[in-house]
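In our numbering, the protein residues as written are 1 to 247.
The next block holds one structure in the form of C-alpha cells; read it before the comments.
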Amino acid sequence: MSAIKVEIPGYQAAIFDMDGVVTRTATVHARAWKEMFDEFLQRYSVERGEPFVPFDEEGDYFAYVDGLPRHDGVRSFLAARGIELPEGKHGDPQELDTVHGLGSRKDALVQQVLARDGVEVFPDWLERVKEWRQAGVKTAIVSSSLNCQAMIRAAGIEELFDARVDGAVSRELGLKGKPDPDIFIEAARRLDVEPSASVVFEDAISGVQAGAAGGFAVVVGVARHGNHADLIEHGADVTVSEITELK
C-alpha cells in the first residue's frame, strides 16, 4: 500500500497515539525515566558492589518502556536488567523501591519536566488534523499516560479531539495496555464509529500491534526515527516519516 493512496477523509475517524505522533512528549518521558532509573540504579549497584550501567535515553526507552503503561514499563526495564523488586501497591510513595514506588517517582519527574520544558506539537500532525476535522473526520487521542490531558492542555490542542482514552480511563475501565487493542477500541466506541471505519496512527511497535489486532481499517506507522521496516513487520499497513505525506 502506498502512503499517498490513503486518503483520511474517506474514513469516519482518525485515532492518534499521543507520544511521538501528536506531541514530542517522548523526550519528556525519556528524560523522566532516565532520571528516575539512574538514581535507583546507582543505589542498587553500590549496594551490590556492581558497576553502574545507566538507563539509555534512546535504546532502553524505545526497547522497554515506549508505549507501555507506566508500571508495565518499570517491570519491563527491570526484567531486562535481571532486577526483581516487590510489586507494592497503587499509591506507594516515591521513596519505596517497589514497582509502584518507582512509578510514582517517574510521574513526579514528568510533572517537573513538563512544567520546566513545556510540550512541543509536531507541525505536520497539526496541519493535517485541522484539515481532516474540517472534512468531517472525527478524532481521538489515546495514551497510556496518566498525564495525557495535562499534556494536550499545555500544548493548546485539547479542543482538536472528540474523545480521549488515557491511563486514567484505562485504570477506571480495566483496559489492557498495548499490544492489546483495548484503548483503540474504546476510543472508536466513544466516537460512535466502528474500528473498520477508523484509521489508527502509531509510532511504537506495541501500538501498531494493537491497531492490527483491533480490526481497524488502516494502521499508519509514523516512523519518525526511520523505523519503517519494524513498524511494517509488526502490523502497520503503511508508514510515513511525516503525516503530511498523507492526503
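Just so you know, even glycine gets a beta-carbon here, dropped at the ideal spot from N, CA and C.
All values derive from a computational prediction rather than experimental measurement.
Per DSSP, the unbroken alpha helix (DSSP H) holding phenylalanine 37 starts and ends at 26-48. Valine 119 and serine 144 have their C-alpha atoms roughly 17 Å apart. Apart from the 5 residues on each side of it in sequence, aspartate 92 sits with its Cβ closer than 7 Å to the Cβ of Thr98, His100, Gly101, Ser104 in its chain, given in chain order.
Per DSSP, reduced to three states, the secondary structure at valine 218 is strand. Note on arginine 70: 16 or more other CB atoms within 10 angstroms of its CB, so buried under the neighbour-count rule.
Here the alpha carbon of aspartate 182 sits roughly 18 Å from the alpha carbon of valine 220. Nearest Cα to glutamate 194 within the set Asn147, Phe184, Leu146: Phe184. For arginine 153, there is no enclosing beta strand (DSSP E); the enclosing alpha helix (DSSP H) has its first and last residue at 148-155. Look at lysine 138 here: in three-state DSSP terms it is strand.
If you draw a straight line from the Cα of phenylalanine 16 to the Cα of glutamate 39, it comes to about 33 Å.
For the segment 186-244, the full-length beta strand (DSSP E) segments reaching 3 residues or more read 198-202, 218-222, 238-240 along the chain.
Only residues of its own chain outside the window of five on either side were considered, and among them Asp38 have a CB closer than 6 Å to the CB of proline 54, listed in chain order. When DSSP states are grouped into helix, strand and coil, arginine 81 belongs to the coil group. Residue pairing by DSSP places aspartate 19 opposite Thr23 in a beta bridge. For alanine 163, the enclosing beta strand (DSSP E) stretches over residues 163-165.
Burial state of valine 200 is buried, judged by a 10 Å Cβ sphere holding 16 or more other Cβ atoms. Judged by DSSP in its simplified three-state form, valine 119 adopts coil rather than helix or strand. Separation of glycine 214 and alanine 197 (C-alpha to C-alpha, rounded to the nearest whole angstrom) is 12 Å.
Here the alpha carbon of aspartate 117 sits roughly 36 Å from the alpha carbon of alanine 217.
Residue environment for valine 137: buried (at least 16 other C-beta atoms within 10 angstroms of its C-beta).
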